[in-house]
Every structure is written in structure tokens, then in C-alpha cells.
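**Student:** Sharing a structure here in C-alpha cells format.
Given below as C-alpha cells:
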């Protein structure tokens, strides 16, 4: 999943960052005892589990906890005879319903967590309709899949004119009715994503993902973050705090938020990166997982569909910087942000930004991007980091 190290303009060499355990570890773990029942003894299971343990790479501090929360957003499944590592889709209410009178809501309003969403997603994947969908994508014939998001359904068009238009770049889809050209040579993980998003209405929005990680950090340190912040968030009795946390809150003047000067040397894991929109409000949020000051990179995690097709949804991203210049701001143009931005569906209008760096630096007249952290989480993070001697 990680992006390869780019050729950098700096006069030094940056090593490839530490990566999450290879996906084969999860696949082997998932398949252990399925195809090879004789290999499912306790010793081998423990060995595989140890290999895929986030602590093997990230230690036992908050970086490990964030990685665990991130990995909960992935699920390994065998679909159409292929082993796939599915990622949680991006899903934001009111994002695509501008051209129709009847809208729709994603499961949990885009604020659901993996524990709630994956069982529902599993039901969609195991449904007869999904089986028909995968069969259509595996019949050996080119076709255009036309999704109807408010209707939560799909249809296949093998009309030669529809196919020719798609190949010629004449996109006929609408925000609530995406068109996708498929080869008929079998289902891909991107096809599963399209189905879960358009038919299943499943996924998390950007702030929903950030809140999931922050809440997970709190639980690992013995803090119920939702209950602690419920009064600040204005959560009514019996309400779910996740519904009241959004990028607007992260950009608010709440006393529970600490504004962080975005110089690299002052950043920490669990800091929230905010990206501003044209109206001056923050329109996107992401979360720092790790910083390597000796090799010069920042790994941050986010959920968005303006990304390469195979990265839509929850994914990791990187920023490279000169290790000799930790005083640089995230807004400095010399930094290399590797995360490219594309339209969610091929043929739709491209993102106005080529990469996350351009997006972070956008709208300087409004203040550009910023970084904040949750005050009440800081003692928890310090406690977690003391477990491995980090301060």
C-alpha cells in the first residue's frame, strides 16, 4: 500500500520509510486453517500473529496504537477466486446529492466505526445481488456498470455506444449515478469498493476516520474520549459522540483543542492535519501516525476518495522533508507530499489539487492548512509512549 520513495529535490538520500507488515501476513493469517488445515497448529498461528503484530515495527507507544486502529479498517476476503485486502470506503453524507431531490444517508452517517461497519459490509458481500454483480464482471465481455446510489442498485450496459463513449472519454455519469467501464475479466478490489460505496452505502468520512483513531487511542489508555468530550461536543443524553465530531469541530475554538505551529519539529503522532476549503472552512482532516526526523518523512493516515483508484477510502500517505530542516512548515513548497489526488470515478471532474501538499497550501488568504491536537488525549499519549521509553 505504501507509495515508493520518490526522487527528491533535496541534496541527500532518504531511506524508504518503515512500512506496515506485508499484506501477505494478514492473508496467511486469514487463510491459515482454511486451505491448509494441517498448518493451523498453535505454534504456527502464534508465529504468524507475531509477524503481523504492529509492535514489531512501531513499538508499543502511540504509533503502534494508531497503526492498530488503521488496520481495523481493512478486511481480507476471497472474492471471485481472488484474495483481496478490502479497505474501508470513503462515505460522506450530502456529497453527491446536489442534482436530485431525494438524498440518502450512508450507514452510520459516515461516522461509523469498523466494528459496526464490517459486519454490515460482510452481509452485502455475501448477498445474492453481489454474487450477480461479480458474475456480470466475470462474463468475459466489456460493459458499462451504471450505479444508482439513491436506489442502491446497479445495471449493466453492453451497448456499443455506451462503451465507445467511455473509451473516448465522453463520460455520461452523474454524481449520484456513476458510470464505470469494466473488462469482464473478473472482479477487482476497486469493483468491490464501487459496490460497497454505491449500493451498500458503506464507509467512513474523513473526520469519522480521525475520530475512530482518536477514540481507539483513548481506549488503549483507559479514556472514554466520547464521554469525556460529550459536553464540549453538545451530545444529548444517550447520543453517539461520533455524530457530533466533524472537521468543523477540529477547527473550532474549543478549549479541548490545542493549535500546533506546523513546523515539522513540533509535530507529534496523533496530531490532526486540517485542509482548508474555498469558503474558508476546513474541508478535510487527516492524522499523523509517525515522524522520522533522521530520515526525513512523515506518515499520515486519512480517508478520502480523491485518490488513485486503489487507494480510495482509508489509506496511508507520506511527506518527505530535508532532515536538516526540521524548522520548515508543512506549507513550505520544498516538502514532497506523495499523495496524488484524482477524481473518485474515472471520467468525473478532476480534483482541483494535484497532491495533498498543494491542497494544504491552498487558500493562503484564508489561512491555509493548520494542525491541532486534542488536549485531553495528551496524558494518554504520554502514558502509552512511556511503555517503550518515548517522551
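In our numbering, the protein residues as written are 9 to 399. All C-beta atoms, glycine included, are put in the ideal place defined by N, C-alpha and C.
Can you give me the Cβ contacts of residue 26 inside the same chain, cut-off strictly under 6 Å, excluding the 5 residues immediately before and after it?
**Tutor:** Caution is warranted here: a pLDDT of 48 is assigned to residue 26, below 50, making its placement in the model unreliable, and the coordinate value is therefore given only provisionally. Cβ within range, chain order: 65.
**Student:** Could you give the DSSP three-state label for residue 347: helix, strand or coil?
**Tutor:** Residue 347 falls in the coil class under three-state DSSP.
**Student:** Could you name the residues of the same chain whose beta carbon sits closer than 7 Å to that of residue 255, not counting the 5 residues immediately before and after it, in chain order?
**Tutor:** 214, 215, 282, 290, 291, 292, 293
**Student:** Give a yes or no on contact between the stretch 199–215 and the stretch 93–107, applying the rule of three or more CB pairs nearer than 8 Å.
**Tutor:** Judged by Cβ distances under 8 Å, the stretch 199–215 makes contact with the stretch 93–107, as three or more pairs qualify.
**Student:** Sort 320, 159, 253, 141 by Cα distance to residue 151 and report the nearest one.
**Tutor:** Nearest in C-alpha terms to residue 151, of all of 320, 159, 253, 141, is 141.
**Student:** Flag this pair as yes or no: are the beta carbons of residue 164 and residue 153 separated by less than 9 Å?
**Tutor:** Yes, they are a contact pair.
**Student:** Let me know the secondary structure DSSP gives residue 88 once reduced to three states.
**Tutor:** coil
**Student:** Taking only the alpha-carbon atoms, compute the straight-line gap between residue 319 and residue 111 and give it to the nearest angstrom.
**Tutor:** 26 Å
**Student:** Quick one: what does DSSP say residue 294 is sitting in, helix, strand or coil?
**Tutor:** strand
**Student:** Taking the alpha helix (DSSP H) that residue 197 belongs to, which residues open and close that run?
**Tutor:** 197–206
**Student:** Label residue 485 either buried or exposed according to how many other C-beta atoms from any shown protein chain fall within 10 Å of its C-beta, with 16 as the threshold for buried.
**Tutor:** Because the chain is modelled from 9 through 399, residue 485 falls outside the range shown and cannot be assessed.
**Student:** Could you have a look at residue 161 and say whether DSSP puts it in helix, strand or coil?
**Tutor:** strand
**Student:** Inspect the beta-carbon positions of residue 371 and residue 284 and report whether they are closer than 9 Å.
**Tutor:** yes
**Student:** So the candidates are 212, 381, 346; which of them puts its Cα closest to the Cα of residue 261?
**Tutor:** 381
**Student:** Along the chain, where does the beta strand (DSSP E) containing residue 321 start, and where does it finish?
**Tutor:** 321–328
**Student:** I need the DSSP call for residue 217, collapsed to helix, strand or coil.
**Tutor:** helix
**Student:** Relative to the C-alpha of residue 167, which candidate in 127, 356, 75, 149 has its C-alpha closest?
**Tutor:** Looking only at 127, 356, 75, 149, the smallest Cα-Cα distance to residue 167 is reached by 149.
**Student:** Report the rounded CA-to-CA distance for residue 395 versus residue 222, giving the unit in angstroms.
**Tutor:** If you take the alpha carbons of residue 395 and residue 222, they lie about 19 Å apart.
**Student:** Using the rule of at least 16 other Cβ atoms within 10 Å of the residue's Cβ for burial, across every protein chain shown, is residue 144 buried or exposed?
**Tutor:** Buried.
**Student:** Is it true that the CB of residue 388 sits closer than 9 Å to the CB of residue 229?
**Tutor:** yes
**Student:** Is there at least one non-hydrogen atom of the ligand GTP closer than 8 Å to the beta-carbon of residue 192?
**Tutor:** Ligands are entirely absent from the displayed structure, and the ligand GTP is therefore not among its contents.
**Student:** Quick one: give me the first and last residue of the alpha helix (DSSP H) that residue 129 is part of.
**Tutor:** 122–133
**Student:** State the start and end residues of the unbroken beta strand (DSSP E) segment that holds residue 379.
**Tutor:** 378–382
**Student:** Could you tell me if residue 287 is buried or exposed, where buried requires 16 or more neighbouring beta carbons within 10 angstroms of its beta carbon?
**Tutor:** exposed
**Student:** What is the DSSP secondary structure of residue 174, counted as helix, strand or coil?
**Tutor:** In this structure, residue 174 counts as helix in the three-state DSSP scheme.
**Student:** Given that a residue counts as buried once 16 or more other Cβ atoms are within 10 Å of its Cβ, and exposed if not, what is residue 353?
**Tutor:** buried
**Student:** Hey, quick one: how far does the beta strand (DSSP E) through residue 151 stretch, first residue to last?
**Tutor:** 151–156
**Student:** Spell out a yes or no on whether the stretch 123–134 and the stretch 166–185 are touching, meaning 3 or more CB-CB pairs, one atom from each, closer than 8 Å.
**Tutor:** no
**Student:** On the criterion of 16 or more Cβ atoms from any shown chain inside 10 Å, does residue 89 qualify as buried, or is it exposed?
**Tutor:** It is exposed - the Cβ of residue 89 has fewer than 16 other Cβ atoms within 10 Å.
**Student:** Looking at the strands, I want to know which residues DSSP matches up with residue 308.
**Tutor:** Residue 308 is bridged to 296, 325.
**Student:** Which word fits residue 241, buried or exposed, when buried means at least 16 other C-beta atoms lie within 10 angstroms of its C-beta?
**Tutor:** The residue is buried, with at least 16 neighbouring Cβ atoms inside 10 Å.
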